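Note sheet for the following structure.
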Amino acid sequence: MLFPSRLVQRFFPIVLLFMLMIFGAVYIYSVPFIKDKVYEIERNSSRIALDNVFTMADRMYADTESYQQQVLESHKQRLKIVVSMAESYIDQVYQQVKKGEIDLAAARANVFEMLRHFQSIDGDYIWVASYDYRFLSHPDERFHGKDVSSLKTDDGVVVIPEIIDVAKSQGEGFYQYKWNRLAENKQLDKLSYVKNFPEWGFVMGSGIYLEDVAAELEVKRNQALDDLRESFKQLRVAKTGYLFIFDARTNMLIHPNPNIDGTNIESLLNPVTQKSIADDLINVADTGKELYYKWDKPEDPGNYIYEKLSLVRHVKGFDWYICSTVYVDELKSSSEQLSDRILSIALISLLVAIAMAFFFIYWVTNPIKQLADTALRVSRGELTATAGFRRDDELGILAKTFDEMVKRVRNNIQDLDLKVESRTLALEQSNQQLMDTVMSREKAQYALTLIEERQRIILDLLPAEVAYFDTRLQFQFVNQRYADALQRSKEEITGQSLAVLSQNQYQAMQAQLTEALNGVESAREYSNWSRDHQVITKRLITPCYDDAGNVVGVLLVALDITSEKEVEKKLLEAQRMSAVGHLAGGLAHDFNNLLSIILGNLVSAAEHYQMDAELQRYLKPSIRAAKRGANITNRLLAFSRRQPLAPMPCDINLLLQETIELLQGSLPSNIELIFDKNKTHGLPFVDPGRLEDALVNLALNAKQAMPRGGEIRFSVTELNVETQSLFLDEEVAAGHYMQIKVADTGQGFTEDAMQMAFEPFFTTRSDVAGSGAGAGLGLSMVYGFVKQSNGYIKVTSSPGQGAEITLLLPAVEVELVAGPVDSQEYEHQERKGKLVLLVEDDDDVRQVVRELLRKMGFNVIESSTAEEAEALIAVLDDVYALVSDIRLNGETNGYDLADIFKFTHPMSRVVLMTGYAFDENSGREGKHHYNVLQKPFDIKQLQKFFEIEDEE
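Under this note's numbering, read the sequence shown as residues 35 to 986, first letter to last.
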């Protein structure tokens, strides 16, 4: 074992920890200091190298400046010499003129021609200009002999006249201006020496382009760069650090990396700041601060993760930036190496000290461990164990004393064992009897506890409040629901008096409790308000008796019957609505008959007197009013309909407009109806009447949610669902849909109301029963219609933020219906002259329908009773169609008459008419189904029904 005893395990870690603390203290206080000092020395070496190079470059600039002045002064002297030579030549020619050897005009021509072709060894040329700003001599054909009084440079400056004027006033001088080289167009800076010759009447000059002077200086500058480049090869910063130079235009002048040397480094970015590395270097120039950035290494190109430090000095004369750069890890390498060596020496010393401490501790603690092991063996009953070692120190005395003590203990234990054995036998017998008694009692107690727990759970789970009182009206038991009602725990209630816990309940139940204590059972119903709704409770109180027939307590049971009462009220309301619907359906028949007569006669009059414009002006509004009356009647009777759906493409924009017109007369003036019209290419394929019912229901629901007024907004959009990614009340199947939204600014739905919005009889209004406000059937009817139409529905709302109902209904693409046709177009060639049997018990209605049939080309035979019609059916042949009202006087109705007609004329058509709003085909399961034409109707609707019959 590495640690043979617990003493070693305790002492050795303490000694080790102490040594480590000493080692850590030495390391913390010395090694970082040494590392910082070595690191600082390395950094200073980089700064010293940079300062030396900067001093060298500054001296080079001073030499270059001196050289520049010398070069410029040399060129000025050369220009003066050139002009002086030309002056000497001209003077010789004029001497010949004075001697008469040559006339003045020929002399001037020879002089100017010679000067045109004169060029010095350095390429200088001479020009001559008169006082009237004309070049008398110039080597460039573009200017020779030309007037240059208005000649401008590229900068828009007229230079030659100004130079001539200054030369005339000053005699001679140097002038700098822009001029192009011979046979070139680019203008360059030029320095010219110009001298006035008043005796000859002109000025003469010669110049040098400053670009040539700069080229000479560039040679000198490049030589300085070469000298610096050679000196850089001898300089090193740390192991791989180096120096480099770039100018103010970020051109790299000197760099040890051939890929960067001679390039423009503006596009090289600092990975740390994501800015140009050149800009960052320029910003720290001569600040004494170092630029920290990351760069790659030659052995790891392109991996910009290595930290670097750079110092920058600015040589203002050359406008150079001299930089020293070194990798941070190299600056730290010397200090790291020194730190590693110090750490190695310290670790070796620590390991030696630890080994010596371990062996010393082991020598001291091993005898103690032997004594401890012996004591452990003795404690386990091995009384013959001894220490096993002898020493002449304190540990040896301790071992000898321990062995003697163990021997005495061994003798005493043997005597005690005999006494204990006899006493143990007697105790075992008594203990067994006691255990049997306790076990029987525990079983009985456990069984009783299980029974009480089951009863408690059952009573807690009952949907009622249960309590038991003694004859002093103190609680002996309550279930959890009763405790929750009192907002106390069951333990707090048990044993307390009802009058103390709740004085209000005591007063409310006092009469029933008194009756129960007298042996009378009673039941009462009462209501309370809980939050925002009314709760109706039925309370039963019954007496409890003992075996002698005496009242010993009272049992109270309270049941919540709110739901039962609500269902009862809503059922009564629904029955009342059904009765109103039946009554309205009966009234519709008579009213629609009246409208049929009015509309039919008005249309006939309008067609008969088409040329009478004054009469038409009165008839057309009357016709529209009659049709409007028919539409209003059908919409008012929407809730009494019971017919199955008759889906067809319907004009949703027109239907919504008519629905809004209907609602405007029914809604308060503080509610504004808004219709956002959108152009649609498709039409919803639904039952128009049922859709109108749904929209009216939604608008009336919105009205109830806005007692103080607001807005109800209708909107229609087309929607193409390509994948099953849309979810309303369920996932929407792919297809073409028409989306209708009805939004209001009312009170909105709560979370609970959103969950139960489509439940029958559910309503958010507490005043429903008996108020006429509704029975909670509106949204459930809308939901049923939408699902029956293969559509989807969604409610979006927040309390106080209004609600939005979205209907998603199947849509079809429908071509536009052709415009109205003239009355003569209603005649169909195949129907002309055909015989139609018309049966209608109302004479006026029969007359109107007869006129419509005749306009369609039919021959009409009339009957006012079903019995008369039956007789005609039996004797007439070739009857093309039967047109009959459904409700006829007598026992036979229109359906019975149609059945008789179909039996004798199976290939003929049947058109039934009615003024009722519900489907009278109901109850005819298994019999022939007939199409029913709703009164009132016009000739187009009647013709459409005949076309349907023809197709069938």
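Where a beta carbon is used, it is the ideal one built from N, C-alpha and C, also for glycine.
Bear in mind the structure is a predicted one, so any value in this text is a computation, not a measurement.
Taking only the alpha-carbon atoms, compute the straight-line gap between Cys-357 and Asp-189 and give it to the nearest angstrom.
-> As a first step, residue 357 must be located in the sequence shown, where it is residue number 323. As a first step, residue 189 must be located in the sequence shown, where it is residue number 155. Put simply, the backbone Cα of Cys-357 is about 39 Å away from that of Asp-189.
Helix, strand or coil: which one does DSSP assign to Met-90?
-> Here residue 90 is taken as the residue at index 56 of the sequence shown, counted from 1. In the structure shown, Met-90 sits in a helix (DSSP, three-state: H, G or I).
Ser-942 - containing beta strand (DSSP E), residue span | Position 908 of the sequence shown, counting from 1, holds the residue named residue 942. Taken as a continuous stretch (DSSP letters only), Ser-942 belongs to no beta strand (DSSP E), as it is neither H nor E.
Measure the alpha-carbon distance for Val-999 versus Leu-262 and round it to whole angstroms.
-> This structure does not reach residue 999, given that the chain is present from 35 up to 986, and the question cannot be answered.
Kindly indicate which residue of Arg-884, Asp-407, Glu-455 has the alpha-carbon position closest to the one of Phe-436.
-> For this step, residue 436 is matched to residue 402 along the sequence shown. Looking at the Cα atoms, Asp-407 is the closest of the given residues.
Proximity below 9 Å, CB of Thr-528 to CB of Gly-587 | Residue 528 sits at position 494 when you count from the first residue of the sequence shown. Residue 587 sits at position 553 when you count from the first residue of the sequence shown. No, Cβ-Cβ distance for Thr-528 and Gly-587 is not below 9 Å.
Alpha helix (DSSP H) segment containing Phe-509, residue limits = In the sequence shown, residue 509 corresponds to position 475, counting from 1. Taken as a continuous stretch (DSSP letters only), Phe-509 belongs to no alpha helix (DSSP H), being part of the beta strand (DSSP E) at 509 to 512.
My guess is that Ala-845 and Tyr-771 are in contact by the Cβ rule of under 8 Å, so how many angstroms apart are they, rounded?
-> Along the sequence shown, one-based indexing puts residue 845 at 811. Along the sequence shown, one-based indexing puts residue 771 at 737. Under the criterion of beta carbons closer than 8 Å, Ala-845 and Tyr-771 qualify as touching, at roughly 6 Å.
Helix or strand or just coil, what does DSSP make of Pro-844?
-> Position 810 of the sequence shown, counted from the start, is the residue given in the question as residue 844. Strand, per DSSP.
Rounded to whole angstroms, how far is the Cβ of Met-740 from the Cβ of Asp-710, which I believe are closer than 8 Å?
-> Within the sequence shown, residue 740 is the residue found at index 706, counting from 1. Within the sequence shown, residue 710 is the residue found at index 676, counting from 1. Incorrect: roughly 19 Å between the Cβ atoms, too far for contact.
State the beta-bridge partners of Asp-223 as determined by DSSP.
-> As a first step, residue 223 must be located in the sequence shown, where it is residue number 189. Asp-223 is bridged to Lys-212.
Per DSSP, which one or two residues make a beta bridge with Phe-280?
-> As a working mapping, residue 280 is identified with position 246 in the sequence shown. Answer by DSSP bridge pairing, in chain order: Met-286, Tyr-355.
Whose C-beta lies closer than 8 Å to the C-beta of Glu-206 among residues of the same chain, with five residues either side of it excluded?
-> On the sequence shown, residue 206 is found 172 positions in, with the first residue counted as 1. Excluding sequence neighbours, Glu-206 sits near Tyr-227, Val-228, Lys-229, Asn-230.
What's the C-alpha gap between Phe-673 and Leu-813?
-> Here the question's residue 673 lines up with position 639 in the sequence shown. Here the question's residue 813 lines up with position 779 in the sequence shown. In this predicted model, Phe-673 has a pLDDT of only 45, less than 50, meaning its place in the structure is not dependable; the value taken from the coordinates is given anyway. Distance from the CA atom of Phe-673 to the CA atom of Leu-813, rounded to whole angstroms, is 13 Å.
Please report the residue range of the alpha helix (DSSP H) in which Ala-791 lies.
-> The residue you call residue 791 lines up with position 757 of the sequence shown. Segment: none, Ala-791 is in no alpha helix (DSSP H) and carries neither H nor E.
Which residues share a DSSP beta bridge with Thr-948?
-> The residue given as residue 948 occupies position 914 in the sequence shown. Among the bridge pairs identified by DSSP, Thr-948 is matched with Gln-968.
Asn-893 lies in the beta strand (DSSP E); which residues open and close that run?
-> Residue 893 sits at position 859 when you count from the first residue of the sequence shown. It spans 893 to 897 - the beta strand (DSSP E) in which Asn-893 sits, taken as one unbroken run.
Please name the residue in Ala-908, Glu-765, Leu-690 whose C-alpha comes closest to that of Ala-733.
-> On the sequence shown, position 699 is the one that residue 733 refers to. Cα-wise, what sits closest to Ala-733 is Leu-690.
Kindly give me the distance between the Cβ atoms of Ser-240 and Ile-299, rounded to whole angstroms, as I take these residues to be in contact under 8 Å.
-> As a first step, residue 240 must be located in the sequence shown, where it is residue number 206. As a first step, residue 299 must be located in the sequence shown, where it is residue number 265. Not a contact, Cβ separation roughly 43 Å.
In three-state terms, what does DSSP make of Gln-644?
-> Position 610 of the sequence shown, counting from 1, holds the residue named residue 644. Coil, per DSSP.
Taking the C-alpha atoms as reference points, what is the distance between Leu-850 and Arg-724?
-> The residue given as residue 850 occupies position 816 in the sequence shown. The residue given as residue 724 occupies position 690 in the sequence shown. In this prediction, Leu-850 scores a pLDDT of 41, lower than 50, which makes its location untrustworthy; no coordinate-derived value is stated.
Residue burial classification, Val-816 (beta-carbon count within 10 angstroms, cutoff 16) = Counted from its first residue, the sequence shown places residue 816 at position 782. Buried is the call here.
Bounding residues of the beta strand (DSSP E) (the contiguous stretch that carries Arg-347) = Counting from one through the sequence shown, the residue named residue 347 turns up at place 313. Following the DSSP letters along the chain, one finds Arg-347 inside the beta strand (DSSP E) bounded by residues 340 to 349.
Does DSSP classify Ser-857 as helix, strand or coil?
-> The residue you call residue 857 lines up with position 823 of the sequence shown. With a pLDDT of 43 at Ser-857, under the threshold of 50, the predicted position of this residue should be treated as unreliable, though the coordinate-derived value follows. In this structure, Ser-857 counts as helix in the three-state DSSP scheme.
Neighbour-count burial assignment, Ala-647, 16 or more Cβ in a 10 Å radius | Reading the sequence shown from its first residue, position 613 is the one you call residue 647. Ala-647 is exposed by the Cβ-count criterion.
Since I believe Ser-344 is in contact with Glu-364 (beta carbons under 8 Å), could you give me their beta-carbon distance rounded to a whole number of angstroms?
-> Taking the first residue of the sequence shown as 1, we reach residue 364 at position 330. Taking the first residue of the sequence shown as 1, we reach residue 344 at position 310. Not a contact, Cβ separation roughly 13 Å.
Cα-Cα, which of Ser-918, Gln-968, Ile-907, Gly-928 is closest to Thr-938?
-> Translated into the one-based positions of the sequence shown, residue 938 becomes position 904. Minimum Cα distance to Thr-938 is reached at Ile-907.
So, is Tyr-652 buried or exposed, given that buried needs 16 or more other C-beta atoms within 10 angstroms?
-> Residue numbering aside, residue 652 sits at position 618 when the sequence shown is read from its first letter. It is exposed - the Cβ of Tyr-652 has fewer than 16 other Cβ atoms within 10 Å.
Could you round the C-beta distance between Val-346 and Leu-315 to whole angstroms and report it? I think they count as a contact, below 8 Å.
-> One-based indexing of the sequence shown puts residue 346 at position 312. One-based indexing of the sequence shown puts residue 315 at position 281. Yes, they are in contact, since the Cβ atoms of Val-346 and Leu-315 sit about 5 Å apart, within 8 Å.
From the DSSP output, which residues share a beta bridge with Asp-181?
-> In the sequence shown, residue 181 corresponds to position 147, counting from 1. DSSP output for Asp-181 lists Arg-168 as bridge partner(s).
Leaving out five residues before and five after Asp-984 in sequence, what residues of the same chain have Cβ atoms less than 8 Å from its Cβ?
-> Taking the first residue of the sequence shown as 1, we reach residue 984 at position 950. So the list reads Arg-943, once near-sequence residues are dropped.
In angstroms with no decimal places, state the Cα-to-Cα distance between Val-162 and Ala-139.
-> Position 128 of the sequence shown holds residue 162. Position 105 of the sequence shown holds residue 139. Spanning the two alpha carbons is a distance of roughly 16 Å.
Met-890 (DSSP reduced to helix, strand or coil) | Here residue 890 refers to the residue found at position 856 when the sequence shown is read from its first residue. Met-890 falls in the coil class under three-state DSSP.
For Leu-185, which of Ser-203, Pro-173, Lys-212 has the nearest alpha-carbon?
-> The residue you call residue 185 lines up with position 151 of the sequence shown. Taking only the C-alpha atoms, the option nearest Leu-185 is Lys-212.
Using the Cα positions of His-348 and Leu-277, report the straight-line distance between them to the nearest angstrom.
-> Your numbering for residue 348 matches position 314 in the sequence shown. Your numbering for residue 277 matches position 243 in the sequence shown. Cα to Cα, His-348 sits roughly 13 Å from Leu-277.
Expressed to the nearest angstrom, what Euclidean distance is found between the alpha-carbon atoms of Asp-470 and Ala-478?
-> Residue numbering aside, residue 470 sits at position 436 when the sequence shown is read from its first letter. Residue numbering aside, residue 478 sits at position 444 when the sequence shown is read from its first letter. Roughly 13 Å separates the two Cα atoms.
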